[in-house]
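Taken in order, these protein sequences are the chains called A and B.
Per the numbering used here, the first sequence runs over residues 679 to 981.
Per the numbering used here, the second sequence runs over residues 679 to 981.
To start, the structure under review is shown below, and the notes come after it.
Number of protein chains: 2
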Amino acid sequence: MSGNQSYADWIAVDWGTTHLRAWAMVGAEAKAEVSSADGMGKLPRDGFEPALLRLVEPWLGAGRMRVVACGMVGARQGWVEAPYVAVPARPTDLSPIVAPSADPRLHVSVVPGLSQAKPADVMRGEETQIAGFLAQNPKFDGVLVLPGTHSKWVRISAEEVVSFQTAMTGELFQLLAEESVLRHSVSASGQNDDAFVQAVSDTISQPEKVSQWLFGLRAQNVLDGQDGTTARAKLSGYLIGSELAAARPYWLGQAVAIAGTPTLTRLYADALKTQGVTPDVHDAAPLTRAGLARVYATLTENA
Amino acid sequence: MSGNQSYADWIAVDWGTTHLRAWAMVGAEAKAEVSSADGMGKLPRDGFEPALLRLVEPWLGAGRMRVVACGMVGARQGWVEAPYVAVPARPTDLSPIVAPSADPRLHVSVVPGLSQAKPADVMRGEETQIAGFLAQNPKFDGVLVLPGTHSKWVRISAEEVVSFQTAMTGELFQLLAEESVLRHSVSASGQNDDAFVQAVSDTISQPEKVSQWLFGLRAQNVLDGQDGTTARAKLSGYLIGSELAAARPYWLGQAVAIAGTPTLTRLYADALKTQGVTPDVHDAAPLTRAGLARVYATLTENA
Chain A
679 MSGNQSYADW
689 IAVDWGTTHL
699 RAWAMVGAEA
709 KAEVSSADGM
719 GKLPRDGFEP
729 ALLRLVEPWL
739 GAGRMRVVAC
749 GMVGARQGWV
759 EAPYVAVPAR
769 PTDLSPIVAP
779 SADPRLHVSV
789 VPGLSQAKPA
799 DVMRGEETQI
809 AGFLAQNPKF
819 DGVLVLPGTH
829 SKWVRISAEE
839 VVSFQTAMTG
849 ELFQLLAEES
859 VLRHSVSASG
869 QNDDAFVQAV
879 SDTISQPEKV
889 SQWLFGLRAQ
899 NVLDGQDGTT
909 ARAKLSGYLI
919 GSELAAARPY
929 WLGQAVAIAG
939 TPTLTRLYAD
949 ALKTQGVTPD
959 VHDAAPLTRA
969 GLARVYATLT
979 ENA
Chain B
679 MSGNQSYADW
689 IAVDWGTTHL
699 RAWAMVGAEA
709 KAEVSSADGM
719 GKLPRDGFEP
729 ALLRLVEPWL
739 GAGRMRVVAC
749 GMVGARQGWV
759 EAPYVAVPAR
769 PTDLSPIVAP
779 SADPRLHVSV
789 VPGLSQAKPA
799 DVMRGEETQI
809 AGFLAQNPKF
819 DGVLVLPGTH
829 SKWVRISAEE
839 VVSFQTAMTG
849 ELFQLLAEES
859 VLRHSVSASG
869 QNDDAFVQAV
879 SDTISQPEKV
889 SQWLFGLRAQ
899 NVLDGQDGTT
909 ARAKLSGYLI
919 GSELAAARPY
929 WLGQAVAIAG
939 TPTLTRLYAD
949 ALKTQGVTPD
959 VHDAAPLTRA
969 GLARVYATLT
979 ENA
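So this is what it looks like as structure tokens:
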């Protein structure tokens, strides 16, 4: 494929702390996808270009290929710092920063993240998911939830991110379930819907009790033989319940949409339903690519 | 020292998940102390006796040496299971279980832990610290706090543990400060008293906000250059504040004593003072040994 003719029109790149994913794009359509574990977290500044070439060189031709990237690749420790843009901001309208490249076949643009001054908060990568969501749902007015390692609650109006809030729920769950004393009592998979929903409700009613309930998962296992699936569901319910308690102004009386993996969107939808909120559910998988396509379209229109 | 005459009258042993510590005792006084990393967590059942002999063999004589041990050595995965005793219970009056030993020079007794049916809770090792505390403060009526990896709040009346509550505060702090994304923003040591006290007060007023504030520590570092010492103090304040919020019935209008390391007792005393509670502060270091001495005295009186 490395002839004069390139395989793709442009390349979309999702580059996080622990992963690198690239798509060979023709317009807004992906022809191929490649990925590696060359995340930003383990690359020196001069390691980014070689890591990208290892994946996408077969897609290049003789000319110059536009690459549009988002995520931690734009952090201070990334390929090039793409300084945060303060909210309110239009995620479909962010000006990318050009990353320095030695290979004349590459022209790499990095999408900036968003920041909020008060309360202090930041995102990198999610702004592009939001742009993808807005490309598909341009009239959306309400709150978009992006559950994950660091869940984001995002207030959107007139295609602008008005404010947002982060909860470390996914990371806390992984640390408690896999690294803490609870690992002996929490199973690695499985779900108990009733236990989950009850734990969410209990937490939203009494968020101050979670500090006590966590060790209770260990004690209930030791004393009462509580099974690991139930413990997993309760742990998940305590943490998502805590997130909902902190994010109450983001869902109370709001139109809420969730975009995430099927497993997470189901949990968050069930959790919100305990509070009388029925969210719209979206698959997050295509959003980053759709957001990058939107940025690419703007770049080439303006070129 | 391995003559016919033994070096000690008896041996006191504190045997946790990650450590093994033994004292050569004459009455209630320690003549020598030894320790190793042979915690219960990495020993098979037949590994306990050799691990103990590696430390204490020089103290043995021709006769039979009494050993009194507490902690996770009495768990189901320990040397011998010493089943939990349900509260209310007198920690100075627990009947130890004899562990099987192949060496005729050893007679090993393991102190049982305490359990509570509702809310489900357990302790192993702390019951012996409480026995030591009560040996020194026999008239104590109130709540004893043992801060640490798994902090215990213990209601004591008439030398009985009436009820207790556990918070995983120390373990959560370590996981968040060292393993999570916050590790980039939280220093490994240092303290900022004002930031700590403010974070405690904020958390007790709005415990539901902690889920939001945690990631804020990262964002304040990235956006505002908040120093790692302040972030460490705030993280500590959020977690100890959450513990206090969950333990409110244990300190509100109660006589409170704290026994721990100097660093932890100072933090917990400062945190309680924000709520108008001035606790008595005790050093936890001698308590386990004092508790084991109390058990030894009871065993030999009854022998």
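The C-beta atom is built at its ideal place from N, Cα and C for all residues, glycine as well.
Point to revise | Chain-ordered residues of the segment 701-717 of chain A with a beta carbon less than 8 Å from chain B | key: none
Review point. At what residue ranges does the segment 727-797 of chain A contain a whole run of the alpha helix (DSSP H), taking only runs of 4 or more?
Key: none
**Study point:** 8 Å Cβ cutoff, T844/B in contact with chain A
**Key:** Translated into positions along the second sequence, residue 844/B becomes position 166. With 8 Å as the cut-off, T844/B counts as an interface residue toward chain A.
Exercise for review: Taking a Cβ distance cut-off of 8 Å, strictly less, list which residues of the segment 897-914 of chain A are near chain C, in chain order.
Suggested key: In the displayed structure, chain C is absent; the protein chains listed are A and B.
Exercise for review: Could you tell me if the beta carbon of R723/A falls within a distance shorter than 7 Å of some heavy atom in the ligand ZN?
Suggested key: Judged by which ligands are present, the structure shown has none, so any question about the ligand ZN falls away.
**Study point:** Listed by chain order, chain A residues near E886/B by CB distance under 8 Å
**Key:** Against the second sequence, residue 886/B aligns to sequence position 208. Correct list: P885, E886, S920, A923, A924 and R926.
Exercise for review: Output the boundary residues of the alpha helix (DSSP H) element that contains G810/B.
Suggested key: Against the second sequence, residue 810/B aligns to sequence position 132. Counting along the chain, the alpha helix (DSSP H) containing G810/B begins and ends at E804 to Q814.
Review point. Counting along the chain, where does the alpha helix (DSSP H) carrying K716/B start and finish?
Key: For the purposes of this step, residue 716/B is identified with residue 38 of the second sequence, where counting begins at 1. A small correction: the amino acid at residue 716/B is Asp; Lys does not occupy that position in the sequence shown. Where D716/B is concerned, there is no enclosing alpha helix (DSSP H), given that its DSSP letter is neither H nor E.
Check your understanding: Where does S914/B sit, in a helix, a strand or coil, going by DSSP?
Key -> For the purposes of this step, residue 914/B is taken as residue 236 along the second sequence, with counting starting at 1. S914/B: helix per DSSP, three-state reduction.
Review point. Would you call the CB atoms of Y916/B and L892/B closer than 8 Å?
Key: Against the second sequence, residue 916/B aligns to sequence position 238. Against the second sequence, residue 892/B aligns to sequence position 214. Yes, the pair counts as a contact, with Cβ atoms nearer than the cut-off.
Check your understanding: Going straight from the alpha carbon of V973/A to that of A937/B, what length do you get?
Key -> Position 295 of the first sequence, counted from the start, is the residue given in the question as residue 973/A. Position 259 of the second sequence, counted from the start, is the residue given in the question as residue 937/B. Their backbone Cα atoms lie some 59 Å apart in a straight line.
Review point. Excluding the five sequence neighbours on either side, which residues of its own chain have a C-beta within less than 6 Å of the C-beta of S858/B, listed in chain order?
Key: The sequence position of residue 858/B within the second sequence is 180, counting from 1. Nothing listed; no residue qualifies.
Point to revise | Other residues of its chain near G820/A: CB distance less than 7 Å, five sequence neighbours each side excluded | key: Looking up residue 820/A in the first sequence gives position 142. Taken in chain order, the residues that qualify are I834, Q932, A933, V934 and A935.
Check your understanding: Which residues in chain A sit within 8 Å of Q953/B, going by Cβ to Cβ distance?
Key -> As a first step, residue 953/B must be located in the second sequence, where it is residue number 275. Chain A residues near Q953/B: none, gap ~13 Å exceeds 8 Å.
Review point. Are there 16 or more other CB atoms within 10 angstroms of the CB of M679/A, so buried, or fewer, so exposed?
Key: As a first step, residue 679/A must be located in the first sequence, where it is residue number 1. Residue placement at M679/A is poorly supported in this model, since its pLDDT is 47, which falls under 50; the coordinates still yield a value, given next. M679/A should be labelled exposed.
Review point. DSSP three-state call for S680/A: helix, strand or coil?
Key: Position 2 of the first sequence, counted from the start, is the residue given in the question as residue 680/A. Low local confidence applies: a pLDDT of 47 at S680/A is under 50, so the model's placement there is unreliable, and no value is given.
Review point. Grouping DSSP H, G and I as helix and E and B as strand, with all else coil, what is A971/B?
Key: If you number the second sequence from 1, residue 971/B lands on position 293. The answer is helix: DSSP assigns A971/B an H, G or I state.
Check your understanding: Does the beta carbon of G894/A sit closer than 8 Å to a beta carbon anywhere in chain B?
Key -> Reading the first sequence from its first residue, position 216 is the one you call residue 894/A. It does: the Cβ of G894/A has a partner Cβ on chain B nearer than 8 Å.
Practice item. Starting from E857/A, find everything on chain B with Cβ-Cβ shorter than 8 Å and list it in chain order. Key: Locating residue 857/A in the first sequence gives position 179, counting from the first residue. Going along chain B in sequence order, the residues near E857/A (Cβ under 8 Å) are L853 and E857.
Point to revise | P752/B to L738/B span [Cα, whole Å] | key: Residue numbering aside, residue 752/B sits at position 74 when the second sequence is read from its first letter. Residue numbering aside, residue 738/B sits at position 60 when the second sequence is read from its first letter. It should be noted that the sequence gives Gly, not Pro, for residue 752/B. Going by the C-alpha atoms only, they are around 23 Å apart.
Exercise for review: For A767/A, count neighbouring Cβ atoms within 10 angstroms of its own Cβ and tell me buried if that reaches 16, exposed if not.
Suggested key: As a first step, residue 767/A is located in the first sequence; it is residue number 89 there, counting from the start. Looking at its Cβ environment, which holds 16 or more other Cβ atoms inside 10 Å, A767/A is buried.
Practice item. Would you please verify whether the beta carbon of E805/A is less than 8 Å from any beta carbon of chain B? Key: One-based indexing of the first sequence puts residue 805/A at position 127. Chain B, which has no Cβ nearer than 8 Å to the Cβ of E805/A, makes this no.
Check your understanding: Which partner residues does G938/B have in the DSSP bridge list?
Key -> Taking the first residue of the second sequence as position 1, residue 938/B is located at position 260. Note: G938/B sits in a beta bridge opposite D961/B.
Review point. Of all the options T844/B, K817/B, T978/B and T770/B, which has the alpha carbon lying nearest to the alpha carbon of K796/B?
Key: Taking the first residue of the second sequence as 1, we reach residue 796/B at position 118. Looking at the Cα atoms, T844/B is the closest of the given residues.
Point to revise | Contact under 8 Å by Cβ, T881/A with G919/A | key: Here residue 881/A refers to the residue found at position 203 of the first sequence. Here residue 919/A refers to the residue found at position 241 of the first sequence. Yes, these two residues count as a Cβ contact at 8 Å.
**Study point:** Coil, strand or helix - S889/A by DSSP
**Key:** Start at 1 with the first residue of the first sequence, and residue 889/A comes out as number 211. Residue state, collapsed to three classes: helix.
Check your understanding: What number of angstroms, rounded off, separates the C-alpha of E805/B from the C-alpha of L784/B?
Key -> Looking up residue 805/B in the second sequence gives position 127. Looking up residue 784/B in the second sequence gives position 106. Distance between the alpha carbons of E805/B and L784/B: 24 Å.
**Study point:** Under the three-state DSSP convention, the category F842/A falls into
**Key:** The sequence position of residue 842/A within the first sequence is 164, counting from 1. If DSSP states are grouped into helix, strand and coil, F842/A belongs with the strands.
Review point. Can the beta-carbon of L970/A be found less than 8 Å from the beta-carbon of V746/A?
Key: One-based indexing of the first sequence puts residue 970/A at position 292. One-based indexing of the first sequence puts residue 746/A at position 68. Going by C-beta atoms, L970/A is nearer than 8 Å to V746/A.
Check your understanding: Any Cβ of chain A within less than 8 Å of the Cβ of Q890/B?
Key -> Taking the second sequence and counting its residues from 1, the one referred to as residue 890/B is at position 212. True, the Cβ-Cβ gap to chain A drops below 8 Å.
Check your understanding: Can you find a C-beta in chain B that's less than 8 Å from the C-beta of G694/A?
Key -> The sequence position of residue 694/A within the first sequence is 16, counting from 1. G694/A does not count as touching chain B.
**Study point:** Per-residue DSSP class, three states only, for E707/A
**Key:** Reading the first sequence from its first residue, position 29 is the one you call residue 707/A. Three-state result, E707/A: strand.
Exercise for review: Determine the contact status of V864/A and A949/A, defining contact as a CB-CB distance below 8 Å.
Suggested key: The residue labelled residue 864/A in the question sits at position 186 within the first sequence. The residue labelled residue 949/A in the question sits at position 271 within the first sequence. In this structure, A949/A does not lie closer than 8 Å to V864/A by Cβ.
Review point. What is the DSSP secondary structure of K817/B, counted as helix, strand or coil?
Key: On the second sequence, residue 817/B is found 139 positions in, with the first residue counted as 1. In the structure shown, K817/B sits in coil (DSSP, three-state: anything other than H, G, I, E or B).
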